[in-house]
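What follows is one structure encoded as structure tokens, with my remarks underneath.
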Amino acid sequence: MSAGLAPDPDMLDLRPVGATFGAELSGFRLDGDLPDAEIGAFRAALHQHRFLLLRNVPNDPAALVAFSRRLGALEMHSASAHTHPDHPEIFLVGNYADDRMRANFATGVEQWHADSSFRDRPSLCSLFYGVICPPEGGETWLLDAVAAYAELPAALRARIAWLNGVHDLDTLSEWNRRHTPGRPRLSEEARRRFPPVSQPLVRRHPVTGRPSLFICPSVISHVEGLPPATGHALIAEVMEHATRDRYVYRHRWQAGDLVVWDNLATLHTASLFDPARHQRLMFRTTVAG
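Below you can see the structure in the form of structure tokens.
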């Protein structure tokens, strides 16, 4: 990209998909030596639309990792037992298992969250690729945290403006244990690596400058300065507004779909599927903040 030229998302073939956010990107290849201008346009489009959907992407783990690296340094997931045997940058999600791969599977309902919110520097974006997709259920739901915040009632906006939530990997682990019997407790080593961190309930995007909700109910142990019950009630009140249909896009997966979401402007969750009848395997790479 020439010096002084801002990345131009208009050079890409984009079609809006959600009511307030999201776009489907056509004619874009992940593999090969992409020019810097195309990578810059991709990043600009991602921040503008908050998530991008690509269809019919070849199943090429090496290409997925290489493209993800063009967006920034990659995180290594805290659950290393569920990473790709040849590409440890890829976290495996679902109920698939064979001699080489075992995906991370939880039977309970997920809560809305942003990936890596429990890290000092939450992740920039996540790339989620459908390898094996159940014919029903197993959807990914994305929430427009920018529009949901902008349209929050003024009094509620004022109540959360300067509050911080404490994001704790152990709180998330215990949530998963309650909803997936038999899961082990978080290891002492993981607790040392990821101590609780304070994050604002409202954060401002470092690229767009737009404020958005940063509320992950199953990860936040408490809201600083409030009694625990009061803090959790406040979070529930905000999330009741934020999860209205207007702010939510529900993606029904097909094999070969790639969804890339801006973790600094969205929240996400998943719908249940029947693991006794169907298999699910998803690849996820995560770009560090």
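Residues 1 to 289 (UniProt numbering) are what the sequence shown spells out, left to right.
Using N, Cα and C, we set each Cβ at its ideal position, and we do this for glycine too.
Subject >> serine 198 versus alanine 114 - alpha carbon distance >> reply: Stepping through the sequence shown from its first residue, residue 198 is reached at position 198. Stepping through the sequence shown from its first residue, residue 114 is reached at position 114. So the two alpha carbons sit approximately 14 Å from each other.
**OP:** Report yes if the CB atom of glutamine 111 is closer than 8 Å to the CB atom of tryptophan 162, and no otherwise.
**Re:** Here residue 111 corresponds to residue number 111 of the sequence shown, with the count starting at 1. Here residue 162 corresponds to residue number 162 of the sequence shown, with the count starting at 1. Not a contact, by the Cβ cut-off of 8 Å.
**OP:** Tell me where the beta strand (DSSP E) around histidine 222 begins and ends.
**Re:** Sequence index remark: in the sequence shown, residue 222 carries index 222 (1-based). It spans 220 to 223 - the beta strand (DSSP E) in which histidine 222 sits, taken as one unbroken run.
Original post:
With a Cβ-Cβ cutoff of 8 Å, do valine 259 and phenylalanine 51 count as a contact?
Top reply: For the purposes of this step, residue 259 is taken as residue 259 along the sequence shown, with counting starting at 1. For the purposes of this step, residue 51 is taken as residue 51 along the sequence shown, with counting starting at 1. Cβ distance < 8 Å, so valine 259 and phenylalanine 51 count as in contact.
Original post:
Around the Cβ of serine 187, are there at least 16 other Cβ atoms within 10 angstroms (buried) or fewer (exposed)?
Top reply: In the sequence shown, the residue the question calls residue 187 occupies position 187. Exposed: under 16 other Cβ atoms inside 10 Å.
**OP:** Specify the secondary structure class of serine 117 as computed by DSSP and reduced to three states.
**Re:** Translated into the one-based positions of the sequence shown, residue 117 becomes position 117. In this structure, serine 117 counts as coil in the three-state DSSP scheme.
Subject >> Same chain only: Cβ atoms within 8 Å of glutamine 254, ignoring 5 sequence neighbours per side >> reply: Here residue 254 refers to the residue found at position 254 when the sequence shown is read from its first residue. Cβ within range, chain order: Arg55, Gly130, Cys133.
Original post:
Around the Cβ of glycine 225, are there at least 16 other Cβ atoms within 10 angstroms (buried) or fewer (exposed)?
Top reply: Position 225 of the sequence shown, counting from 1, holds the residue named residue 225. By the 10 Å Cβ count, glycine 225 comes out exposed.
Subject >> Per-residue burial, leucine 14 [other beta carbons within 10 Å of its own, 16 or more giving buried] >> reply: Within the sequence shown, the letter at position 14 stands for residue 14. By the 10 Å Cβ count, leucine 14 comes out buried.
**OP:** Could you please give the first and the last residue of the uninterrupted beta strand (DSSP E) stretch that includes residue 290?
**Re:** What the structure shows of the chain is the stretch from 1 to 289, and residue 290 is not part of that stretch, so it cannot be assessed.
Original post:
Does the distance from the CB of proline 122 to the CB of glycine 289 come in under 8 Å?
Top reply: One-based indexing of the sequence shown puts residue 122 at position 122. One-based indexing of the sequence shown puts residue 289 at position 289. Yes. Within cutoff.
**OP:** Let me know the alpha helix (DSSP H) ranges lying completely inside the segment 185 to 257, each 4 residues or longer, listed in chain order.
**Re:** 188 to 193, 228 to 242
Original post:
Taking Cβ positions, are isoleucine 220 and valine 287 nearer each other than 8 Å?
Top reply: Working through the sequence shown from its first residue, we reach residue 220 at position 220. Working through the sequence shown from its first residue, we reach residue 287 at position 287. For isoleucine 220 and valine 287, no; Cβs fall outside 8 Å.
**OP:** Provide the residue span of the beta strand (DSSP E) that contains tryptophan 141, from first to last.
**Re:** For the purposes of this step, residue 141 is taken as residue 141 along the sequence shown, with counting starting at 1. Its beta strand (DSSP E) spans residues 140 to 144.
Original post:
For serine 26, which residues does DSSP report across the bridge?
Top reply: As a working mapping, residue 26 is identified with position 26 in the sequence shown. For serine 26, which the question treats as bridged, DSSP gives the partners Asp13.
**OP:** Out of Ser271, Phe283, Asp245, point me to the one whose CA is closest to glycine 18's CA.
**Re:** Position 18 of the sequence shown, counted from the first residue, corresponds to residue 18. Among Ser271, Phe283, Asp245, the Cα nearest to that of glycine 18 belongs to Asp245.
Subject >> Status (buried if at least 16 other CB within 10 Å, exposed otherwise) for threonine 285 >> reply: Position 285 of the sequence shown holds residue 285. That one is buried.
**OP:** Report yes if the C-beta distance between leucine 272 and glycine 137 is below 8 Å; otherwise report no.
**Re:** One-based indexing of the sequence shown puts residue 272 at position 272. One-based indexing of the sequence shown puts residue 137 at position 137. A contact, by the Cβ cut-off of 8 Å.
**OP:** On the DSSP bridge assignment, give the partners of leucine 281 in chain order.
**Re:** Position 281 of the sequence shown, counted from the start, is the residue given in the question as residue 281. According to DSSP, leucine 281 bridges with Gly94, Ile132.
Original post:
For glycine 182, which of Ala190, Glu151, Ser116, Phe105 has the nearest alpha-carbon?
Top reply: Locating residue 182 in the sequence shown gives position 182, where the first residue counts as 1. That would be Phe105, whose Cα lies nearest to the Cα of glycine 182.
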